[in-house]
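Visitor: Here it is, the structure, as structure tokens.
4 protein chains.
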Amino acid sequence: MSGSIMGKNFSIATWGESHGKGLGVVIDGCPAGIPLSEEDIQKDLDRRRPGQSPFSTPRKESDKIEILSGVFEGRTTGTPISLILYNTNQRPYDYSEISKIYRPGHADYTYDQKYGFRDYRGGGRSSGRETAARVAAGAVAKKILKELGVQITAYTLSIGDVEIDRSRFDHDEIYRNFLAMPDKEAAVRAEALLHKRKEAEDSAGGVVECLIEGLPSGVGEPVFEKLDAVLARAIVSIGAVKGFEVGSGFAASKMPGSYNNDEFRYDEEDRLHKLTNHAGGITGGISEGFPIVFRAAFKPTSSIHAKQKTVDKEGNNVEIQIEGRHDPIIVPRAVIVVEAMTAITLVDYLFQRILSRMDLIKKALT
Amino acid sequence: MSGSIMGKNFSIATWGESHGKGLGVVIDGCPAGIPLSEEDIQKDLDRRRPGQSPFSTPRKESDKIEILSGVFEGRTTGTPISLILYNTNQRPYDYSEISKIYRPGHADYTYDQKYGFRDYRGGGRSSGRETAARVAAGAVAKKILKELGVQITAYTLSIGDVEIDRSRFDHDEIYRNFLAMPDKEAAVRAEALLHKRKEAEDSAGGVVECLIEGLPSGVGEPVFEKLDAVLARAIVSIGAVKGFEVGSGFAASKMPGSYNNDEFRYDEEDRLHKLTNHAGGITGGISEGFPIVFRAAFKPTSSIHAKQKTVDKEGNNVEIQIEGRHDPIIVPRAVIVVEAMTAITLVDYLFQRILSRMDLIKKALT
Amino acid sequence: MSGSIMGKNFSIATWGESHGKGLGVVIDGCPAGIPLSEEDIQKDLDRRRPGQSPFSTPRKESDKIEILSGVFEGRTTGTPISLILYNTNQRPYDYSEISKIYRPGHADYTYDQKYGFRDYRGGGRSSGRETAARVAAGAVAKKILKELGVQITAYTLSIGDVEIDRSRFDHDEIYRNFLAMPDKEAAVRAEALLHKRKEAEDSAGGVVECLIEGLPSGVGEPVFEKLDAVLARAIVSIGAVKGFEVGSGFAASKMPGSYNNDEFRYDEEDRLHKLTNHAGGITGGISEGFPIVFRAAFKPTSSIHAKQKTVDKEGNNVEIQIEGRHDPIIVPRAVIVVEAMTAITLVDYLFQRILSRMDLIKKALT
Amino acid sequence: MSGSIMGKNFSIATWGESHGKGLGVVIDGCPAGIPLSEEDIQKDLDRRRPGQSPFSTPRKESDKIEILSGVFEGRTTGTPISLILYNTNQRPYDYSEISKIYRPGHADYTYDQKYGFRDYRGGGRSSGRETAARVAAGAVAKKILKELGVQITAYTLSIGDVEIDRSRFDHDEIYRNFLAMPDKEAAVRAEALLHKRKEAEDSAGGVVECLIEGLPSGVGEPVFEKLDAVLARAIVSIGAVKGFEVGSGFAASKMPGSYNNDEFRYDEEDRLHKLTNHAGGITGGISEGFPIVFRAAFKPTSSIHAKQKTVDKEGNNVEIQIEGRHDPIIVPRAVIVVEAMTAITLVDYLFQRILSRMDLIKKALT
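Protein chains in written order, with my numbering: chain A, 1 to 366; chain B, 367 to 732; chain C, 733 to 1098; chain D, 1099 to 1464.
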């Protein structure tokens, strides 16, 4: 394994380059008996697809998913599910510049250092297009979670310095505006910011927040596989993510303990509550059974039209101006990727949760 | 594996509870031929030991490390290294309260939910004492890194709202003040803050920054095992960590791409430089060969003397006042834990770096 | 992972059913810089292809391999290599009987028990056709081994009770006769046996022997990953294999130690020799640097035309007569599968061999 | 991981050298709630202990097990169980010869080749004493299996050329004679053989057979983790094992398919039966729910008193006569090791069996 396989019991192996023949994922460990169709997966892929807003590249990726194995008579068989997306839009590119020059913010330089050479066509394996395979696998994971009553909702919390106002939080708005922001007013201001950046041939970043509801308590393992730790790995592994925090996150470092600790109470109907949720739903690395909240910080898109200083492979100082049509912001399209990585991670640790207690094991096996 | 084993080629398996017989770690995958003594490990453990400052518990943990296997005639043999720390300070405790009541901010509730019951003595496996085994393993990892010219330096960046002034950064100061802050003035102000919190029977959190120097380019794997992703997992797995960021981190989400992208230049002596380091030394998940910088946010210590609302196992609303002597801040003692987790992670991916190119493999094997 | 992923550093994930859309394999961990073409892989697949002898099914599987990713400008890039074989010969079958009746010797019953239902078309995932993906991955592994001077040669040692005479061992004969036997005379007698079994609507098994040459000493890990142990797993995982032995194998259990121990000697040119090779080239689970020899026992083909007693899904005792054209022997076609599984395993442990010594690690990295 | 860690969900990490401070094992993944005491483990260790028969070394290993973690109030807590055996019998040895000369049949030469040097005291990590840690972990695995109704029974099938007569199979006899043979008459003849070998300063090997009863159907994964494949790995990883076979094993290679296929029948009470068990209880790598039978071939003990030719580290041809008291046969003491490795493997795949079907997962989690 060199980084393209993840998961212990629910495992995925992804492959493919941006401008190669296609990309895909093999899922090994999907239990038998789950209804699964190409539509179930296409739905999530469509949320990631570019060309749907003025801020995403008008490049056309058809991204039509095909199930190659592991499903029989509409249900998963328990054996590997192979999913494929062919790259259809292979018009001839001119790679002469990009093949020799290291674009700032991109992995061109580090791939050359690591491997001795690289597939420079459209970023090759380091392209954001790689996340399409994650979304496809995530859609399968979500089908499993649905059977277990778990719901994941990610959305844009901020773009540049425009943040949503939580008092105006509107769940439906996430799917209504181009920016996946649950606050219409903030979305309008963020659009204005993006138009300015676009004019300046520049780009913007933002923060995605993710909410997990319905997850039972007891998910996550002590020490190295704390639920927040494995979520951190999953989320920071998304290309442009530079930060991760759960619950109060970095702000917690400034709070006194008396404020940050979440107090427990039973209500009149004897249901357990926490008076606050600074922990974000995880203590000691294990889910509490209350909603989980975490955030991911995305850097601004690296591909910008503005002229930049850089070097080429031959050791010269040069300048580069990246051609083509690129998203001034990738955050709205990344929302579904955050959901996918969360779903893939949760399934694995939900499975493991069963194995932590002999009574649950017996219940399943006898 | 249920969370106490980590690492692929350099693997560690930790065990032990706070108030049990002891704790330890088995390292499988330490190459043969490295000089290793108990002193090498003890040195790091001593940096974690409590009772060394007015802000760490006067509890006495002797934490004397013993090497049980894997070292012969002063050198590692390539077979598992077993390290043990006996718990010597086992005076009789009164666990009657703690066994029944869920302490806010602690894992008491989630462990009971996950496992059906728990070793409540001193937090059992969820105690911060668990990190001693990580520090021991980290000391071995550091020996390997030293042979490869890699240096890790972690320090306290902030405590509560007191942050260091980077213009006053003084490396030696890290080892001089109680708080591991590389800025004497900030340390004085942070001490004042801590005294106030202590008087108020309250606690504080903070941020640890970590600097990696000398790491070659090409370390880290694409997609799911990006170097920042695996560091995120390693760091967020430390008990009180609630956030992780690399390079500009969350701040990057507000920057324009033209500012956040690091431009490359060759200097007069034809050495490659980056004009900035917003990426924190990692692009596309792979080390650039430039210094790596990341930060971890620690929540305030959960154990406080102030009275708190909570519930007990039997379903009653109660109040708790945690007795005993607890650190009002754990950040300074966590600095060495951050270094340890970083070292353990780097060794694994440095090893893997060899396997990414056929020319390096041939060089080693022929 | 549910069994279709193997390997730690050189990992493969296979997928696909016998009569589904196709099958394939994703290789994660192939080092960058190795020349690789579809022809390299096709060559090995052609050795497995049916329809080449009177004893293999005239069923036509075109088995044309396609490389979908991980190769750029004729060389491996270090990122996942996705290989696909489309199932082209999808003429309409009548599955009405096979879908309800459990064929003796097949996995029909156990798949239904495990998963609740099964893809019954041609055996689904449990079909021998699954090994095509192994052969494809094995061809890639062999390219790596070639660069390191390692050579694997498997051949048929016996069919039914017809065994080769080692004094007539002829390497070239392996590729000359239908049965891959390195002894022409034995091959003729085995053919006669097979004709008789075929007439009787019956089938035969046999033993494959495998020779590894050029493998350096020091490959294999102590305790659970002894080289013979991981080879055993790899080989017994091939569908019809019922036994594995290395060196003298089961015969060693009857020998006195004084006979079974291999004595060491330096010859006149100061080269180290063993006077015998009862160990089969592995001691303590680690390769000696001398040729490695192991054997795999294959059961007779389960699909026979003769009438057999069995049961159906509804709980009735029935009789079955399996239609279609089936190999009376699969051993000759399995020879290349044994080579493939050996190659895949060796690459992983050759890589790991580097990581067992600090001097080799330093040599590679500095 | 360099070979001393095994298992996915039920994982064990072993450590320790023959003449070091001790040896032990860390178990990560034992579910919470299982009653476990040191006696449970000691019982199995006592079956492995030397000095109990005229054919095992009178060397005294007290092998008193100590539980260091993971058990609280008599039950497993779900966190790592650390088990330790101190080496108490550390009388001064003379290692001058063994440190320089490579003993035939031992791993002295391969360890030096792999690691550059070795802990030569009593074989270091390659000593058979390493299996004590496996037996300890196996005892814990058996406790889990017991809760699930699974029973493992291993015994000596043959010693040298003396094999039991199956018509005289007597289960109780296994625990009655020194050789763990379920046939008293065979045991007497085997004893005679061993006396002769001992007088000749020579040694003997044998075959251990293992019977698994009560294992439900559906255990084992398709393709690379077939139940027989993972058992093969587990069993061949035991030091002296040179061969593994399941069901009819190597004999199956000679049988016609019509004979080797096991036919199914419902009996009058509508219970499913197989008319034969040539498959050994596993088809397609998945347990049938019928008894599983496999065999392991052990080579004769490598340590013999007779003079042998060999070489030393400096490149000289020499002769060696191994001093000390060694077992002329290790097979009877290996019987419990076979049981242990089987138990450890079964637990892991029984756990995984739950995760193969959505209905079982739901049953456990809701």
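Ideal Cβ positions, reconstructed from N, Cα and C, are used throughout, including at glycine.
Is there a C-beta anywhere in chain A that falls below 8 Å from the one on Ser465 of chain B?
Guide: Position 99 of the second sequence holds residue 465 of chain B. So, not an interface residue.
Visitor: Taking the Cβ atom as the reference point for each residue, do Ser302 of chain A and Pro104 of chain A lie within a distance shorter than 8 Å?
Guide: On the first sequence, residue 302 of chain A is found 302 positions in, with the first residue counted as 1. On the first sequence, residue 104 of chain A is found 104 positions in, with the first residue counted as 1. Contact: yes.
Visitor: Can you check whether the C-beta of His618 of chain B is within less than 8 Å of a C-beta belonging to chain A?
Guide: As a first step, residue 618 of chain B must be located in the second sequence, where it is residue number 252. Contrary to the premise, residue 618 of chain B reads as Ala rather than His in this sequence. Yes - at least one Cβ of chain A is within 8 Å of the one on Ala618 of chain B.
Visitor: What is the DSSP secondary structure of Glu383 of chain B, reduced to helix, strand or coil?
Guide: Within the second sequence, numbered from 1, the residue matching residue 383 of chain B stands at position 17. Coil, per DSSP.
Visitor: Quick one: what's got a C-beta closer than 6 Å to Val230 of chain A's C-beta in the same chain, skipping five residues either side?
Guide: Taking the first residue of the first sequence as position 1, residue 230 of chain A is located at position 230. Within the same chain, Val230 of chain A has close Cβ partners Thr345.
Visitor: For Gly1127 of chain D, which residues of its own chain have a beta-carbon under 6 Å away from its beta-carbon, when the five flanking residues on both sides are left out?
Guide: Counting from one through the fourth sequence, the residue named residue 1127 of chain D turns up at place 29. Within the same chain, Gly1127 of chain D has close Cβ partners Asn1107, Phe1108 and Ser1109.
Visitor: Buried or exposed: which applies to Thr863 of chain C, given that a residue is buried once 16 or more other Cβ atoms fall within 10 Å of its Cβ?
Guide: Taking the first residue of the third sequence as 1, we reach residue 863 of chain C at position 131. With 16 or more Cβ atoms within 10 Å of its Cβ, Thr863 of chain C is classed as buried.
Visitor: What is the DSSP secondary structure of Gly981 of chain C, counted as helix, strand or coil?
Guide: Residue 981 of chain C sits at position 249 when you count from the first residue of the third sequence. DSSP places Gly981 of chain C in helix when its eight states are reduced to three.
Visitor: What's the C-alpha gap between Ser492 of chain B and Ile530 of chain B?
Guide: Sequence index remark: in the second sequence, residue 492 of chain B carries index 126 (1-based). Sequence index remark: in the second sequence, residue 530 of chain B carries index 164 (1-based). So the two alpha carbons sit approximately 31 Å from each other.
Visitor: Within 10 angstroms of the Cβ of Glu225 of chain A, are there 16 or more other Cβ atoms? Answer buried if so, exposed if not.
Guide: The count along the first sequence starts at 1 and reaches residue 225 of chain A at position 225. Glu225 of chain A should be labelled buried.
Visitor: Shorter than 8 Å from the beta carbon of His472 of chain B to some beta carbon of chain A?
Guide: Taking the first residue of the second sequence as position 1, residue 472 of chain B is located at position 106. Closer than 8 Å: yes.
Visitor: Does any CB atom of chain C fall closer than 8 Å to the CB of Met1 of chain A?
Guide: Stepping through the first sequence from its first residue, residue 1 of chain A is reached at position 1. So yes, Met1 of chain A belongs to the interface.
Visitor: Chain C beta carbons: is any one of them nearer than 8 Å to that of Glu1164 of chain D?
Guide: Residue numbering aside, residue 1164 of chain D sits at position 66 when the fourth sequence is read from its first letter. Output row for Glu1164 of chain D: interface = no.
Visitor: How would you label Pro182 of chain A, buried or exposed, when you count the other beta carbons within 10 angstroms and need 16 or more for buried?
Guide: Your numbering for residue 182 of chain A matches position 182 in the first sequence. Counting Cβ neighbours within 10 Å, Pro182 of chain A comes out buried, since at least 16 surround it.
Visitor: Using a Cβ-Cβ cut-off of 7 Å (strictly less than) and excluding sequence neighbours within five positions of Arg900 of chain C, which residues of its own chain qualify?
Guide: As a first step, residue 900 of chain C is located in the third sequence; it is residue number 168 there, counting from the start. Hits under 7 Å: Asp915 and Glu917.
Visitor: Which two residues bound the contiguous alpha helix (DSSP H) that contains Leu877 of chain C?
Guide: Against the third sequence, residue 877 of chain C aligns to sequence position 145. That run of the alpha helix (DSSP H) goes Thr863 to Glu879.
Visitor: Would you kindly work out how many angstroms separate the C-alpha atoms of Lys564 of chain B and His278 of chain A, rounded to a whole number?
Guide: Locating residue 564 of chain B in the second sequence gives position 198, where the first residue counts as 1. Locating residue 278 of chain A in the first sequence gives position 278, where the first residue counts as 1. Distance between the alpha carbons of Lys564 of chain B and His278 of chain A is about 21 Å.
Visitor: Can you grab the Cα-Cα spacing for the pair Ile361 of chain A / Tyr1253 of chain D, in whole Å?
Guide: Residue numbering aside, residue 361 of chain A sits at position 361 when the first sequence is read from its first letter. Residue numbering aside, residue 1253 of chain D sits at position 155 when the fourth sequence is read from its first letter. So the alpha carbons of these two residues sit roughly 30 Å apart.
Visitor: Spell out whether any CB of chain C is found under 8 Å from the CB atom of Thr1399 of chain D.
Guide: Position 301 of the fourth sequence, counting from 1, holds the residue named residue 1399 of chain D. Taking Cβ atoms only, chain C reaches closer than 8 Å to Thr1399 of chain D, which makes this a yes.
Visitor: Which term fits Gln517 of chain B, buried or exposed, when burial requires 16 or more other beta carbons within 10 angstroms of its beta carbon?
Guide: Residue mapping note: residue 517 of chain B aligns to position 151 of the second sequence, counting from 1. Exposed, because fewer than 16 other Cβ atoms sit within 10 Å of the Cβ of Gln517 of chain B.
Visitor: To be precise: take each residue of the region 684-706 of chain B, compare its Cβ to all Cβ atoms of chain A, and keep it if any distance is under 7 Å. Which residues remain?
Guide: Per Cβ criterion, the list is empty.
Visitor: Using DSSP bridges, identify the partner residues of Tyr521 of chain B.
Guide: Translated into the one-based positions of the second sequence, residue 521 of chain B becomes position 155. For Tyr521 of chain B, which the question treats as bridged, DSSP gives the partners B:Glu575.
Visitor: Which partner residues of Asn1049 of chain C appear in the DSSP bridge assignment?
Guide: Here residue 1049 of chain C refers to the residue found at position 317 of the third sequence. Answer by DSSP bridge pairing, in chain order: C:Val1043.
Visitor: Establish whether the CB of Lys974 of chain C and some CB of chain D are separated by less than 8 Å.
Guide: Within the third sequence, numbered from 1, the residue matching residue 974 of chain C stands at position 242. Yes, Lys974 of chain C lies at the interface with chain D (some Cβ there is under 8 Å from its Cβ).
Visitor: Per DSSP, what kind of secondary structure is Ser368 of chain B in: helix, strand or coil?
Guide: Taking the first residue of the second sequence as position 1, residue 368 of chain B is located at position 2. DSSP places Ser368 of chain B in coil when its eight states are reduced to three.
Visitor: Buried or exposed: where does Asp1326 of chain D fall if 16 or more other Cβ atoms within 10 Å of its Cβ makes it buried?
Guide: The residue labelled residue 1326 of chain D in the question sits at position 228 within the fourth sequence. Its Cβ being crowded by 16 or more others within 10 Å, Asp1326 of chain D is buried.
Visitor: Mapping the DSSP letters down to three states, classify Ser801 of chain C as helix, strand or coil.
Guide: Locating residue 801 of chain C in the third sequence gives position 69, counting from the first residue. In this structure, Ser801 of chain C counts as coil in the three-state DSSP scheme.
Visitor: For the beta strand (DSSP E) containing Phe630 of chain B, list its first residue and its last residue.
Guide: If you number the second sequence from 1, residue 630 of chain B lands on position 264. Per DSSP, Phe630 of chain B belongs to the beta strand (DSSP E) from Phe630 to Tyr632.
Visitor: Name the DSSP beta bridge partners of Ala1096 of chain C, please?
Guide: Here residue 1096 of chain C is taken as the residue at index 364 of the third sequence, counted from 1. Note: Ala1096 of chain C sits in no beta bridge, so no partner.
Visitor: Would you check if the region 69-84 of chain A and the region 768-776 of chain C touch, i.e. whether three or more CB-CB distances between them fall below 8 Å?
Guide: Touching, no.
Visitor: Does His1269 of chain D pass the burial test, meaning 16 or more other C-beta atoms within 10 Å, or should it be called exposed?
Guide: Mapped onto the fourth sequence, residue 1269 of chain D falls at position 171. That one is exposed.
Visitor: For a contact meaning CB atoms closer than 8 Å, what does Lys1041 of chain C contact in chain D?
Guide: Sequence index remark: in the third sequence, residue 1041 of chain C carries index 309 (1-based). Going along chain D in sequence order, the residues near Lys1041 of chain C (Cβ under 8 Å) are Glu1361, Phe1362, Arg1363 and Leu1373.
Visitor: Hey, would you say Val26 of chain A sits closer than 8 Å to Val758 of chain C, going by beta carbons?
Guide: In the first sequence, counting from the first residue as 1, residue 26 of chain A sits at position 26. In the third sequence, counting from the first residue as 1, residue 758 of chain C sits at position 26. A contact, by the Cβ cut-off of 8 Å.
Visitor: Three-state secondary structure (DSSP) at Val1317 of chain D?
Guide: Here residue 1317 of chain D refers to the residue found at position 219 when the fourth sequence is read from its first residue. Coil, per DSSP.
Visitor: Nearest chain C C-beta to Ser583 of chain B closer than 8 Å, yes or no?
Guide: Translated into positions along the second sequence, residue 583 of chain B becomes position 217. No, because no Cβ of chain C sits closer than 8 Å to the Cβ of Ser583 of chain B.
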